[in-house]
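The structure appears below as structure tokens.
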Amino acid sequence: MSTSRPSPNAALVGQLGSRLLLDTPALVLDLDAFELNLRTVHGRAKERRIALRPHAKSHKSAAVGRAQLAAGAIGLCCAKLGEAEALAAAGLDGFLITAPVTSRPKVQRLMGLNARLADLAVVVDDVANVAELAAATAEAGRQLKLLIDVDVGTHRMGVTSPEAALALAKAIREADGLELVGVQGYAGQTQAIPSYAERRAASGKALAALADVRDALVEQGHPCPIVTGSGTGTHDFDHEFGLFTDLQVGSYVFSDVIYNSIEIGAGGDRPVLPALFVVSRVISRQHRDFATIDAGSKSFSMDGPMPVLWQGPTPGSTYGRFGDQFGRLDLTGADRPVELGELTTWMVPHCDPTMNLYDHYHCVRGDDLVDIWAIEARGR
Numbered sequence: 001m002s003t004s005r006p007s008p009n010a011a012l013v014g015q016l017g018s019r020l021l022l023d024t025p026a027l028v029l030d031l032d033a034f035e036l037n038l039r040t041v042h043g044r045a046k047e048r049r050i051a052l053r054p055h056a057k058s059h060k061s062a063a064v065g066r067a068q069l070a071a072g073a074i075g076l077c078c079a080k081l082g083e084a085e086a087l088a089a090a091g092l093d094g095f096l097i098t099a100p101v102t103s104r105p106k107v108q109r110l111m112g113l114n115a116r117l118a119d120l121a122v123v124v125d126d127v128a129n130v131a132e133l134a135a136a137t138a139e140a141g142r143q144l145k146l147l148i149d150v151d152v153g154t155h156r157m158g159v160t161s162p163e164a165a166l167a168l169a170k171a172i173r174e175a176d177g178l179e180l181v182g183v184q185g186y187a188g189q190t191q192a193i194p195s196y197a198e199r200r201a202a203s204g205k206a207l208a209a210l211a212d213v214r215d216a217l218v219e220q221g222h223p224c225p226i227v228t229g230s231g232t233g234t235h236d237f238d239h240e241f242g243l244f245t246d247l248q249v250g251s252y253v254f255s256d257v258i259y260n261s262i263e264i265g266a267g268g269d270r271p272v273l274p275a276l277f278v279v280s281r282v283i284s285r286q287h288r289d290f291a292t293i294d295a296g297s298k299s300f301s302m303d304g305p306m307p308v309l310w311q312g313p314t315p316g317s318t319y320g321r322f323g324d325q326f327g328r329l330d331l332t333g334a335d336r337p338v339e340l341g342e343l344t345t346w347m348v349p350h351c352d353p354t355m356n357l358y359d360h361y362h363c364v365r366g367d368d369l370v371d372i373w374a375i376e377a378r379g380r
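For the record, in the sequence shown the residue sitting at position 89 is 89 according to our numbering, with numbers rising by one throughout.
Quick look at the structure:
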């Protein structure tokens, strides 16, 4: 068991039926579903001869990262420098930082991380950033690998034309301490389109911009051994476009209400199953048609849909907002009174920001708590 600070549930590990005894609210990882998601997605990637570079922003945990690497991942993505630092401190290596690292303090931290790791790369989209990285690597005395980030429709970051990419590639080539190793393009705007066919069409259209940049770079003599991007919502078909060398799947390990509501696979195929839940308890039952539970907006991310009841006293009951600390459990149609302290299990609405509210994953098999994993990069 690895924990950054003790969980109040640590003493329950290994006890029969201990899931039912958890102090709540608690973040619960169903290991059977988690491991099935790993086997399915990594197994299909191997069959399709496409590599996976999973995104650690979805879990921020060294234990989950190790499981992904053991399943065949070629490395891990990190959304921010702090994620990579935290996971490196836990013993992991092989990171791609998928957003530019700018400002002197962060660049100096990046140089320190690069010195400690065998394999680190970061994306860039601005010649000024290339210049500051070149100066820092010259001072540090160690080469840094770069990828050019390409805007394929999210408009958050990334070059917007082949010409801009060529200017970056020229600046990288002229810097002694920098090496261009590829391009990145993440079409986040396509990931949760409900229809499989519509999502596939949107992804193909978005990735044309990435192909244009890759082709322009190669034509001008700039090697692109890495073409990376994609995500959980598009991983099932993005390999078919013949562009990516690896896919940045993230939420596939957990799923959530968002991904469980769309056609991730063709023809009703479900390659990703819900594995991450929040358990809570009834703390007040003074009204016939609803009860209050101990999980509010400090327990779930509320940037999308509401939590969905997975296990509880009233199948089909819905969650309602009741403040920061509390939630409303709808009891309309209940066939029995709810018990005080009764356990409810909720599928998380959006796994990435929900897990960032917790320090630990409580790992269960059936009704048994078998381990507790730290979320080392929480808040980073």
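Ideal Cβ placement from N, Cα and C applies to all residues, glycine included.
All figures in this text were calculated on a predicted structure; none of them were measured in a lab.
Just to confirm, is the Cβ distance from Arg214 to Val249 under 8 Å? no
As assigned by DSSP and simplified to three states, the class of Met306: coil
If you draw a straight line from the C-alpha of Pro225 to the C-alpha of Arg48, how long is it? 18 Å
For the segment 257-328, list the beta strand (DSSP E) runs that are entirely contained and at least 3 residues long, ordered along the chain. Entirely contained in the segment 257-328, the beta strand (DSSP E) runs reaching 3 residues are, in chain order, 276-284, 290-293, 308-311, 319-321.
Every unbroken beta strand (DSSP E) within the segment 178-231, with a cutoff of 3 residues, ordered by chain: With a minimum length of 3 residues, the continuous beta strand (DSSP E) runs that stay inside the segment 178-231 are 178-185, 226-229.
To the nearest angstrom, report how far apart Val381 and Ser18 are at their CA atoms. The structure shown does not extend to residue 381, since the chain spans only 1 to 380, so no value can be given for it.
Looking only at its own chain, which residues have a Cβ that is under 7 Å from the Cβ of Val218, when we skip the five neighbours before and after it? Cys224
Buried versus exposed call for Glu139 [16 or more other C-beta atoms within 10 Å across all chains shown]: Counting other Cβ atoms within 10 Å of its Cβ, Glu139 stays below 16 and is therefore classed as exposed.
To which residues of the same chain is Leu273 closer than 7 Å at the C-beta, ignoring the five residues directly before and after it? Contacts found: Ala33, Leu36, Asn37, Ser255.
Are the segment 273-287 and the segment 341-357 in contact at 8 Å, needing three or more beta carbon pairs? yes
Do you know offhand how far Thr3's Cα is from Leu357's? Low confidence applies to Thr3: its pLDDT is 45, below 50, so where it sits in the model is not reliable, and the reading given next is rough at best. Their Cα atoms are separated by approximately 15 Å.
Secondary structure of Lys60, DSSP reduced to three states: coil
To the nearest angstrom, how far is the alpha carbon of Thr354 from that of Arg380? 14 Å
Taking C-beta to C-beta, are Pro313 and Val348 nearer than 8 Å? No, the Cβ-Cβ distance between Pro313 and Val348 is not below 8 Å.
Residue range of the alpha helix (DSSP H) that Met111 falls in? 104-116
8 Å contact criterion, which Ala275 and Asp30 should meet: CB distance rounded: 5 Å
Three-way DSSP call (helix, strand, coil) for Thr137 in this model: helix
Cross-strand partners of Ile97 (DSSP beta bridge): Cys78, Val122
Report the option in Arg270, Phe290, Gln108 whose CA atom is closest to the CA atom of Asp335. Phe290
By DSSP, does His235 sit in helix, in strand, or in coil? Three-state result, His235: helix.
Could you please give the first and the last residue of the uninterrupted alpha helix (DSSP H) stretch that includes Arg39? 31-48
Give the C-beta separation of Arg285 and Val338 to the nearest angstrom, bearing in mind that I take them to be a contact with Cβ-Cβ under 8 Å. Going by Cβ atoms, the distance from Arg285 to Val338 rounds to 5 Å, so yes, they are a contact pair.
Check for me: the beta strand (DSSP E) holding Thr345 runs from which residue to which? 343-347
Based on DSSP bridge pairs, tell me the residues matched to Asp151. Residue pairing by DSSP places Asp151 opposite no residue, since no beta bridge is assigned to it.
Which of helix, strand or coil DSSP assigns to Ser2: With a pLDDT of only 47 at Ser2, under the threshold of 50, the placement of this residue in the model should not be trusted; the figure read from the coordinates follows. Strand.
Beta-carbon proximity check, Val124 vs Ile97, cutoff 8 Å: no
Taking DSSP's pairing of strands, which residues face His362 in a bridge? Val28, Ile372
On the DSSP bridge assignment, give the partners of Ala51 in chain order. Asp246
For Val159: DSSP bridge partner residues: Val150
Just the C-alpha distance for Glu132 and Leu243, rounded to the nearest angstrom, thanks. Answer to the nearest angstrom: the Cα atoms are 30 Å apart.
Inter-residue Cα distance where the pair is Leu180 and Tyr259: 34 Å
Among Glu240, Ile264, Ile283, Asp367, which has the Cα closest to the Cα of Thr40? Of the listed residues, the one whose Cα sits closest to Thr40 is Ile264.
Just to confirm before moving on: does the CB-CB distance between Ala206 and Ala192 stay below 8 Å? no
Using 8 Å for Cβ pairs, my map puts Thr228 next to Thr245. What's the rounded Cβ distance? With 8 Å as the limit, Thr228 and Thr245 qualify as a contact, their Cβ atoms being about 7 Å apart.
Alpha carbon to alpha carbon, how far is Ser297 from Arg328? Give it in angstroms, no decimals. 11 Å
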